[in-house]
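Undergrad: Here's a structure for you.
Number of protein chains: 2
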Amino acid sequence: MNIAVAQSGGPTCAINASLAGVYLQALKSEKIDKIFGSLNGIEGIIKQNLINLSDYLKNEEDISLLVHTPSTVLGSCRYKIPEGADDIYEKILECFRKYDIGIFFYIGGNDSMDTVMKLSEYFRKNSIDIKVIGVPKTIDNDLCGTDHSPGFGSAAKYVNATVQEIARDSRVYSAKSVTIIEIMGRHAGWLTASSCCLRANGEIAPHFIYLPEIPFNVDKFIKDVKELQKINKAVIVAVSEGVKLEGGSFAGEQYQSGKTDAFGHQYLSGIGKYLENVVSDTIGCKVRSIELNVMQRCSSHIASKTDLDESVEIGKSAVKSALNGYTGCMMCYIRDSSEPYSIHIESIPVSQTANNEKYFPMEWINSEGNNVSDDAIPYFLPLIQGEVEQKMKNGMPVHFVI
Amino acid sequence: MNIAVAQSGGPTCAINASLAGVYLQALKSEKIDKIFGSLNGIEGIIKQNLINLSDYLKNEEDISLLVHTPSTVLGSCRYKIPEGADDIYEKILECFRKYDIGIFFYIGGNDSMDTVMKLSEYFRKNSIDIKVIGVPKTIDNDLCGTDHSPGFGSAAKYVNATVQEIARDSRVYSAKSVTIIEIMGRHAGWLTASSCCLRANGEIAPHFIYLPEIPFNVDKFIKDVKELQKINKAVIVAVSEGVKLEGGSFAGEQYQSGKTDAFGHQYLSGIGKYLENVVSDTIGCKVRSIELNVMQRCSSHIASKTDLDESVEIGKSAVKSALNGYTGCMMCYIRDSSEPYSIHIESIPVSQTANNEKYFPMEWINSEGNNVSDDAIPYFLPLIQGEVEQKMKNGMPVHFVI
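Residue numbers (the numbering used here), protein chains in the order written: chain S, 6 to 407; chain C, 6 to 407.
Shown next as structure tokens:
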């Protein structure tokens, strides 16, 4: 029996670590012969665009480089299997038959788990013994069933280091200023909220944290900033890209392109620029908006060691689960304790997680709706622990490339 | 005799390293008693807002943290001494007399060197024995007289690591795309050009590099991108914020705020967004613009060790020069060799550098004006070498704060 593994959705720093985990555990199994990588997610299966990973991952150094390489070395896709598309299932089956694939591992986010669910149901319904296992990843941390998602810890570590550095940068002048940091998160504010970790080191920035879970009131925002500027001249604001105005429209809607991706998600950007203009027009002080953009999901040079280690482990666990007969599952982190931090890995039926979103808990948002309470810190802090040792050449990180 | 030191202009990762150098060398001198730090640059002198640095820098760990802290721990300013403002000179002199300041060190960029020049001339003209020494810093690398500027190497290291990570991120999908990375540089393209270092590691991105030194032709840009997309689906473009359209206006002018700083510089931003819209309208493929924003000047977690080490040394050399009787000088790096890399530090009359700008050499720009030639690599590469060990606490960098 051979296996196939693919990566899907938006890049993270840990998605290749999970691939390495799958590969390492599969190598150990006598039941598994070849380990194929599908290029560009499920599209690579449909198009029979597979590579034998052993041709590329030849030694321990290759594996180590893979773990520390951001994004998806196998490429990604945003392909959704249409309802009732029997021909697609048949193409996938044809590929799996041709390559003698007994297990398919799909490393991805919410939309990828939809594929895991549909595919495993199709195989089950047709009594085909091919197992399908989902390995989670998302910097949004919005997958249900898992305590946190692979890739989130590294993004949160980047956010905290960078917000702190921006805080240093924003405080140099004696004049009043507002610095607005726009952080990824369509509907769930986890990544933006994680910036509260800086408090554990005595840093009070960001002074305000705005999440998509709470409707945004522009007047209250301006009032809050003005009030704080009486005692703190350089105000630093962290805001989720998906923050919505009271009433329901995206706050930065006037800056939207209006375009949507294959899943109908609107491309978001612009809340930072929107608030910059609002501050400029109403307060008139120095103001700057900063979009952390793709750097927050690909800055592997400051990845969280905890995140990468766990991401390797969850990949390994996926192989163990499949060999134990599981299918239609997503692997999950279950937190046993925050202090001291301890997790274990289990699998849950993917139907419990696909097409759902896990929002940031309301009880961790302060009553004014403009910050995160200290209760959230013990949740986030373990996830950003540990520094990785990245191989450098000529002063630059070395990545693994297929 | 006491001394005073101040920091001015835009933040960098190395400006505190130079402060540490001044402090360390001054501690060693029997001629120097107290070492004062002026808060918010020359403004702190005018307002007699000085602190005794020994009250804050108490041990080796404090010094090490200072070296690895971005931005300016003493604060900064963008104050320009007006022409014929005798009262300002008198206030500065009053402060220096009160604090028995015999040497004033000003760590800053082009505009700060203007202050060094004016102040030293004033003291010379009035036979006042107070020495004024400039210590350069700028991520723009546009200071004349010095081979490169403290702070530049760290910014260039960040740019290279980040452009490489963005390259990984941008290549995941099978569809055609253009990724536009906007990099700081008003009039000089050094920092944007430095991204050519990636070639030393076999990375071909960025595929196009646009600098302010060459007028930008939008039609040629689109033609170049379309041509490259025939063989390379994910095109990555590095562009200086200050790129000007053929004809002279800033390419991103329609996105400008129109506001200017105290020196009459227009606040720039928007070339990336401008080109994103151009690509979207003409090519219609997936396109994203990314502004490296203040992260390129404050990401001390990926500072260049070479840069920080040299920045400490140039601070030390400034003290030595002043004690040797020099005034009205800026300290400079003189490169002896690129392979192997070797520099020494000298001082030059500040009049040779103040109010001048050093542009990126035309002979290192390709004939098409859309890239940098390989000849530039040996210049840049030594400056980004070496990784710093930053103290971490709770998974986040620790900074020195006054």
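Positions of the beta carbon are idealized from the N, C-alpha and C atoms, including for glycine.
Residues of the stretch 369-394 of chain C in Cβ contact with chain S at a cutoff of 8 Å, in chain order, please.
TA: Cβ contacts with chain S come from L386, I389, Q390, G391 and E392.
Undergrad: Got a sec: is the Cβ-Cβ distance from R191 of chain C to anything in chain S below 9 Å?
TA: By one-based count along the second sequence, residue 191 of chain C stands at place 186. No, no contact with chain S.
Undergrad: Tell me T184 of chain C's beta-bridge partners as DSSP assigns them.
TA: Indexing the second sequence from 1 puts residue 184 of chain C at position 179. According to DSSP, which records beta bridges pairwise, T184 of chain C is partnered with C:I241 and C:R293.
Undergrad: Sort S:A90, S:E368, S:A25 and S:E373 by Cα distance to Y61 of chain S and report the nearest one.
TA: Here the question's residue 61 of chain S lines up with position 56 in the first sequence. It is S:A25 whose Cα lies nearest to the Cα of Y61 of chain S.
Undergrad: Going along chain C, which residues have a C-beta under 8 Å from G80 of chain S?
TA: Locating residue 80 of chain S in the first sequence gives position 75, where the first residue counts as 1. Ordered by position in chain C, the residues that pass the 8 Å Cβ test against G80 of chain S are R176, V177, Y178 and S179.
Undergrad: Is there a Cβ of chain C sitting closer than 9 Å to that of Q169 of chain S, yes or no?
TA: Here residue 169 of chain S corresponds to residue number 164 of the first sequence, with the count starting at 1. Yes - at least one Cβ of chain C is within 9 Å of the one on Q169 of chain S.
Undergrad: Name the chain S residues whose beta carbon is nearer than 7 Å to that of K398 of chain C?
TA: In the second sequence, residue 398 of chain C corresponds to position 393, counting from 1. Within chain S, the residues near K398 of chain C are N206.
Undergrad: Are three or more beta carbon pairs between the stretch 6-24 of chain S and the stretch 102-116 of chain S nearer than 8 Å?
TA: The stretch 6-24 of chain S vs the stretch 102-116 of chain S: in contact.
Undergrad: Which of the three DSSP states, helix, strand or coil, is assigned to K447 of chain C?
TA: Absent from the model: residue 447 of chain C. The displayed extent of chain C is 6 to 407, so no value can be given.
Undergrad: Between H153 of chain S and the rest of its own chain, which residues show a CB-CB distance below 7 Å, the 5 nearest in sequence each way excluded?
TA: In the first sequence, counting from the first residue as 1, residue 153 of chain S sits at position 148. So the list reads N146, Y338 and L388, once near-sequence residues are dropped.
Undergrad: Using three-state DSSP, classify Q261 of chain C as helix, strand or coil.
TA: Residue 261 of chain C sits at position 256 when you count from the first residue of the second sequence. Low confidence applies here, because Q261 of chain C scores a pLDDT of 45, under 50, leaving its location unreliable and the question unanswered by this model.
Undergrad: Between P16 of chain C and chain A, is any beta-carbon pair separated by less than 9 Å?
TA: Chain labels in this structure do not include chain A; the protein chains are S and C.
Undergrad: Under a CB-based cut-off of 9 Å, is C202 of chain C close to chain S?
TA: If you number the second sequence from 1, residue 202 of chain C lands on position 197. C202 of chain C counts as touching chain S.
Undergrad: Do S81 of chain C and Y178 of chain S have their CB atoms nearer than 9 Å?
TA: Here residue 81 of chain C corresponds to residue number 76 of the second sequence, with the count starting at 1. Here residue 178 of chain S corresponds to residue number 173 of the first sequence, with the count starting at 1. It is a contact, given that the beta carbons lie within the stated cut-off.
Undergrad: Counting C-beta neighbours from all protein chains within 10 Å, is the total for M367 of chain C 16 or more, i.e. buried, or is it exposed?
TA: Reading the second sequence from its first residue, position 362 is the one you call residue 367 of chain C. M367 of chain C should be labelled exposed.
Undergrad: Closest Cβ-Cβ distance between K85 of chain C and chain S: below 9 Å?
TA: Sequence index remark: in the second sequence, residue 85 of chain C carries index 80 (1-based). It does not; no Cβ of chain S falls within 9 Å.
Undergrad: Hey, how far is the Cα of Q53 of chain C from the Cα of V406 of chain C?
TA: For the purposes of this step, residue 53 of chain C is taken as residue 48 along the second sequence, with counting starting at 1. For the purposes of this step, residue 406 of chain C is taken as residue 401 along the second sequence, with counting starting at 1. Each residue's Cα considered, the two are about 20 Å apart.
Undergrad: In angstroms with no decimal places, state the Cα-to-Cα distance between E35 of chain C and G158 of chain S.
TA: By 1-based counting over the second sequence, the position of residue 35 of chain C is 30. By 1-based counting over the first sequence, the position of residue 158 of chain S is 153. Each residue's alpha carbon lies about 50 Å from the other.
Undergrad: Look at V244 of chain C and G277 of chain C and say whether their C-beta atoms are less than 9 Å apart.
TA: For the purposes of this step, residue 244 of chain C is taken as residue 239 along the second sequence, with counting starting at 1. For the purposes of this step, residue 277 of chain C is taken as residue 272 along the second sequence, with counting starting at 1. Yes.
Undergrad: Residues of chain S with a CB under 8 Å from the CB of H153 of chain C: which are they?
TA: On the second sequence, position 148 is the one that residue 153 of chain C refers to. Per Cβ cutoff of 8 Å: no residues; H153 of chain C is ~14 Å from chain S at best.
Undergrad: Please report how far the alpha carbon of V393 of chain C lies from the alpha carbon of P220 of chain C, in whole angstroms.
TA: Position 388 of the second sequence holds residue 393 of chain C. Position 215 of the second sequence holds residue 220 of chain C. C-alpha separation (whole angstroms): 37 Å.
Undergrad: Under 8 Å Cβ-Cβ, which residues of chain S neighbour E48 of chain C?
TA: As a working mapping, residue 48 of chain C is identified with position 43 in the second sequence. What E48 of chain C touches in chain S: S179.
Undergrad: Could you check if A180 of chain S is buried or exposed, using at least 16 other CB atoms within 10 Å of its CB as the buried criterion?
TA: Sequence index remark: in the first sequence, residue 180 of chain S carries index 175 (1-based). With fewer than 16 other Cβ atoms within 10 Å, it is exposed.
Undergrad: For the candidate residues S:G114, S:V121, S:A166 and S:M335, whose alpha-carbon lies nearest to that of I97 of chain S?
TA: Numbered from its first residue, the first sequence carries residue 97 of chain S at position 92. If we check each option's Cα against that of I97 of chain S, S:V121 comes out closest.
Undergrad: Mind the definition here: the stretch 63-79 of chain S touches the stretch 115-135 of chain S only if three or more C-beta pairs lie below 8 Å; say whether that holds.
TA: No, the stretch 63-79 of chain S is not in contact with the stretch 115-135 of chain S.
Undergrad: Residues bridged to V10 of chain S by DSSP?
TA: As a working mapping, residue 10 of chain S is identified with position 5 in the first sequence. Answer is S:G42 and S:F110.
Undergrad: Between E315 of chain C and chain S, is any beta-carbon pair separated by less than 9 Å?
TA: Mapped onto the second sequence, residue 315 of chain C falls at position 310. It does not: the Cβ of E315 of chain C has no partner Cβ on chain S nearer than 9 Å.
Undergrad: Between C149 of chain S and the rest of its own chain, which residues show a CB-CB distance below 8 Å, the 5 nearest in sequence each way excluded?
TA: Counting from one through the first sequence, the residue named residue 149 of chain S turns up at place 144. Here the set comprises Q357, T358, N361, E362 and K363.
Undergrad: For the beta strand (DSSP E) that contains R340 of chain C, what are its first and last residues?
TA: One-based indexing of the second sequence puts residue 340 of chain C at position 335. Note, R340 of chain C: beta strand (DSSP E), C334 to S343.
Undergrad: Over what stretch of residues does the beta strand (DSSP E) that includes Y215 of chain C continue unbroken?
TA: Residue numbering aside, residue 215 of chain C sits at position 210 when the second sequence is read from its first letter. Note, Y215 of chain C: beta strand (DSSP E), F213 to Y215.
Undergrad: Out of S:I51, S:E246 and S:C18, state which residue places its alpha-carbon closest to the alpha-carbon of A90 of chain S.
TA: Along the first sequence, read from residue 1 onward, the residue named residue 90 of chain S stands at position 85. Of the listed residues, the one whose Cα sits closest to A90 of chain S is S:I51.
Undergrad: Is P383 of chain C helix, strand or coil when you go by DSSP?
TA: Sequence index remark: in the second sequence, residue 383 of chain C carries index 378 (1-based). Correct three-state label for P383 of chain C: helix.
Undergrad: Checking the sheet assignment: what are the DSSP bridge partners for H349 of chain S?
TA: As a first step, residue 349 of chain S is located in the first sequence; it is residue number 344 there, counting from the start. Its beta-bridge partners are S:I339.
Undergrad: In angstroms with no decimal places, state the Cα-to-Cα distance between H485 of chain C and L71 of chain C.
TA: The requested residue 485 of chain C is not part of the displayed model; chain C covers only 6 to 407.
Undergrad: Mapping the DSSP letters down to three states, classify V177 of chain S as helix, strand or coil.
TA: Taking the first residue of the first sequence as 1, we reach residue 177 of chain S at position 172. Residue state, collapsed to three classes: coil.
Undergrad: In terms of residue numbering, what span does the alpha helix (DSSP H) encompassing L328 of chain C cover?
TA: Position 323 of the second sequence holds residue 328 of chain C. K310 to L328 is the extent of the alpha helix (DSSP H) around L328 of chain C.
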